[in-house]
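Position 326 of the first sequence, counted from 1, bears residue number 325 in numbering that gives the first Met the number 0, the numbering being contiguous throughout.
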Amino acid sequence: MSLLDELKWRGMIQDIMPGTAEQLAKEMTAGYIGFDPTADSLHIGSLVPILLLVHLQRAGHRPIALVGGATGMVGDPSGKSEERNLLDEQTLQHNLKGIRIQLEKYLDFGSSSPNAALMVNNYDWFREIHFLDFIRDVGKHITVNYMMAKDSVKKRLEGSGGMSFTEFSYQLVQGYDFYWLYKNRQCRLQMGGSDQWGNITTGAELIRRKEGGEAFAFTCPLLTKSDGGKFGKTEKGNIWLDPRKTSPYQFYQFWLNAADEDAAKWIRIFTFLSRGEIEDLIRQQEKNPAERIIQKTLARELTIFIHGQAEYESALETTAKLFSASGSMETLSEEDLHAMEGIVKSAFSRNRLQAGVDVISFLADTGILPSKGEARKMIQNGGVRINRGKIEDVQFQVDSHLLLHDKYILVQKGKKNFYLVEAG
RNA sequence: GGGCAAGUAGUCAAGUGGCCAACGACAACAGACUGUAAAUCUGUUCUCUUCGGAGUUCGGUGGUUCGAAUCCAUCCUUGCCCA
0 MSLLDELKWR GMIQDIMPGT AEQLAKEMTA GYIGFDPTAD SLHIGSLVPI
50 LLLVHLQRAG HRPIALVGGA TGMVGDPSGK SEERNLLDEQ TLQHNLKGIR
100 IQLEKYLDFG SSSPNAALMV NNYDWFREIH FLDFIRDVGK HITVNYMMAK
150 DSVKKRLEGS GGMSFTEFSY QLVQGYDFYW LYKNRQCRLQ MGGSDQWGNI
200 TTGAELIRRK EGGEAFAFTC PLLTKSDGGK FGKTEKGNIW LDPRKTSPYQ
250 FYQFWLNAAD EDAAKWIRIF TFLSRGEIED LIRQQEKNPA ERIIQKTLAR
300 ELTIFIHGQA EYESALETTA KLFSASGSME TLSEEDLHAM EGIVKSAFSR
350 NRLQAGVDVI SFLADTGILP SKGEARKMIQ NGGVRINRGK IEDVQFQVDS
400 HLLLHDKYIL VQKGKKNFYL VEAG
């Protein structure tokens, strides 16, 4: 199966330029994707582009990961209804470094293989370019009419927020990236999210007009959730790839909690399982949806891919212990509790516990809930459990006899948010 | 520089002198039901609280008034039109 056919049945192709398939069949092709340095870690929204590069490399082509040191200074207006804040250079450098380290984990940059991945920073070439040169050599080839016809621009012109010249120019800047890579790295292909289509075609247009060259592109659909929510966001914010920002346990839980409909879609996109294996899983899911076989497989594959086997196993173990219906608190050993990586831990004074303290102060002081008022409301709503027992009374006293192994108290806020309080 | 319009909670958006911590929608969180789903129903969502209340809000500042999101002045920001 060709790369494009493979990506197609996985549901990873939205738009594609004619001739792309022929180009990929003809020779080893270098293809690039740009990553936005708006944070010092990639989050799961960037996972699809990463996987596109991985697929590209597996099919024997050369992936190029571009980090946007220059474009990050301008700000991509695509999908944004308002003008963006610009990043200062120091933050930018910090973010670039973090992203670089992560990308190195998923792509093979070993220089020995003929299709080793490349990493480039577009600031390296933009640093040298002067404004006048740019508007003469690049701006001359693209008409304003062409630029205004882009969706990302049109929407902003129709909206009430306006658009600065800076953001308007963005597509030219990104377009130039493609041109530069075409000229200097023999890059013939650009990929990205479908929101990038406008920027990508500007690049291809530039290559055509300036060099008479041919460039290709395809985009993948932007992920949505079946309930219309934003993909990759939870109540705790983004799901990051960096284990210091999102623990492997939380990462595992995110995928495990996918809606059935989403899980079936996502498992094709995010795992490398074969078509047969996936269809098999879907059949099993239909037979017994409560088993959530797809979610479990999805969570397993991804946690291993991002964090490794060991982290997956400990996330799975923590999950089993926290959620197993039969497991009473007594079955949790001290080691079990201690090893629960990823659930939030906080400390509480042992002396105060011995004296006894009301739940409300306890919840507020451990930071599990932000204030006493909220702690009270949450208890009245029935949303707090201590050592698995629901707290019904706001007067409830917390004291040292609740300590498990004379050391820990397990607090639940809602069904899925666990906190381990350690007496110290 | 001139004319017009707008700025209200996470977002959208009502409110045009007291009944306003501010209708509603969305979103989010929690509960029930379930499969750690979805859908549905219920509660909560400015901050703090000893649950009695208290404090700070409607772009900023100043004013009128017993009383201002609401009236006036001024400044800031944004959009549209003209130069």
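Glycine included, each C-beta is placed from N, C-alpha and C at the ideal position.
Of all the alpha helix (DSSP H) runs that stay within the bounds of the segment 93–171, which reach a length of 4 or more residues? 122–125, 130–136, 143–147, 150–157
Am I right that Ile293 and Leu280 are in contact with their C-beta atoms under 8 Å? What's the rounded C-beta distance? 5 Å
Cβ-Cβ distance between Lys149 and Gly197 below 7 Å: yes
Less than 7 Å between the C-beta atoms of Val410 and Ile390, yes or no? no
Figure out for me which residue from Leu403, Gln379, Val343, Ile367 has the closest Cα to the Cα of Leu331. Leu403
Going by C-alpha distance, which of Thr270, Glu127, Asp335 is nearest Val53? Thr270
Give me the Cα-Cα distance between Glu312 and Gly366, rounded to the nearest whole angstrom. 29 Å
For a quick check, are the C-beta atoms of Leu240 and Ala298 less than 7 Å apart? no
Contact between the segment 18–27 and the segment 272–289 is defined here as three or more beta-carbon pairs at a separation below 8 Å; is this criterion met? no
In the structure shown, what three-state DSSP assignment does Thr70 receive? helix
For the alpha helix (DSSP H) containing Val425, list its first residue and its last residue. With the chain covering 0 to 423 only, the question about residue 425 has no answer from this structure.
Can you tell me whether His129 is buried or exposed, with buried defined as 16 or more other CB within 10 angstroms of its CB? In summary, His129 is exposed, with fewer than 16 beta-carbon neighbours lying within 10 Å of its beta-carbon over all protein chains present.
Return the CA-CA distance between His93 and Lys104, expressed in angstroms with no decimal places. 18 Å
Per DSSP, what are the beta-bridge partners of Met190 in this structure? Within the DSSP secondary-structure output, Met190 pairs in a beta bridge with Phe217.
From the DSSP secondary-structure annotation, give me the bridge partner or partners of His42. Trp239
Can you give the Cα-Cα distance for Asp261 and Gly355, rounded to whole angstroms? 46 Å
Do the segment 337–348 and the segment 357–365 touch if we need at least three Cβ pairs shorter than 8 Å? Verdict: yes, contact present.
Leaving out five residues on either side along the sequence, give the residues of the same chain with a beta carbon under 8 Å from the beta carbon of Phe108. Ala115, Ala116, Leu117, Met118
Through-space distance from Trp265 to Glu204, alpha-carbon basis: 33 Å
Quick one: what does DSSP say Thr201 is sitting in, helix, strand or coil? DSSP places Thr201 in the helix class (H, G or I) of the three-state scheme.
Which residues DSSP lists as bridging Glu421, in chain order: Beta-bridge pairing links Glu421 to Ala346, Tyr407.
Run of the beta strand (DSSP E) containing Phe271, from where it starts to where it stops: That residue, Phe271, is in no beta strand (DSSP E); it is neither H nor E in DSSP.
Can you tell me whether DSSP reads Asn416 as helix, strand or coil? In this structure, Asn416 counts as strand in the three-state DSSP scheme.
Out of Glu285, Asn287, Thr245, Met0, state which residue places its alpha-carbon closest to the alpha-carbon of Thr302. Thr245
Per-residue DSSP class, three states only, for Phe34: strand
Identify, in the order they occur along the chain, each residue of the same chain with its Cβ nearer than 8 Å to the Cβ of Arg126, setting aside the five sequence neighbours on each side. Ala69
With DSSP run on the structure shown, which of helix, strand or coil describes Lys389? strand
Is it the case that the Cβ atoms of Ala422 and Lys406 are separated by a distance below 7 Å? yes
When burial is assigned at 16 or more other CB atoms within 10 Å of the CB, is Asp123 buried or exposed? Exposed is the call here.
Which residue marks the beginning of the alpha helix (DSSP H) containing Phe361, and which one marks its end? 358–364
Whose C-beta lies closer than 6 Å to the C-beta of Thr201 among residues of the same chain, with five residues either side of it excluded? Counting only Cβ-Cβ distances below 6 Å, and skipping sequence neighbours, we find Gln170, Gly174.
Use the C-beta contact count for Phe217: other C-beta atoms within 10 angstroms, 16 or more gives buried, fewer gives exposed. buried
Can you tell me which residues form a DSSP beta bridge with Ala29? Arg61, Cys186
Looking at the structure shown, is Arg299 part of a helix, part of a strand, or coil, going by DSSP? helix
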